Every structure is written in C-alpha cells, then in structure tokens.
Amino acid sequence: MKCWIYDTQYGPFTIIRLDERYHIMHEGEALGAYPTPEAAAEALANGHSDWPSFGNPHELGIPEDLAKWQCRPVI
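The numbering of the sequence shown is the working numbering, which starts it at 958 and goes up by one.
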C-alpha cells in the first residue's frame, strides 16, 4: 500500500487508503474520503474537500496531479 504526501507551509497533507476509500488527512484531521486518490487530490487542490482549521486549502497551490506529490509505501 502507498500514500501520497504534499508539504505546505501549514504542514503536510496526506492521501491514504483506508476502508476501500482514499482519505485526505492533515495533522490528524480527516478532510474527506474519495473513491480514488486522483479524486482526493482534485478535491483538495480545488477547495472542495473539508477545510482544515486554517482555511481553504485551495490557496496553498496544492497540485491535482499526484505525480507532483511524494509517494511513500505504508507498512
């Protein structure tokens, strides 16, 4: 299994597969679950996910393209 990580000035955002869905996480806070990692990245990049406490993640320049995220295996 793998996860995708994108670092921002407010810390990293992670997309990880849990319970057959791909969840966006930020500092232990769940920001939504999606059917694919691409859908999760798109929602986050466009501000369509739940917002973390600091506000709209769309303003951070998070890319929709997962190739621009770090990909790490999860054990």
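Note that CB positions come from ideal geometry on N, CA and C, so glycine has one too.
None of these values were measured; they are calculated from a predicted model.
DSSP places P1030 in the strand class (E or B) of the three-state scheme.
A987 counts as exposed, since fewer than 16 other C-beta atoms from the protein chains shown sit within 10 angstroms of its C-beta. The bridge partners DSSP lists for A987 are M982. In its chain, beyond the 5 residues on either side, I962 have a beta carbon closer than 6 Å to the beta carbon of P969. Less than 8 Å separates the beta-carbon of A1002 from that of H1015.
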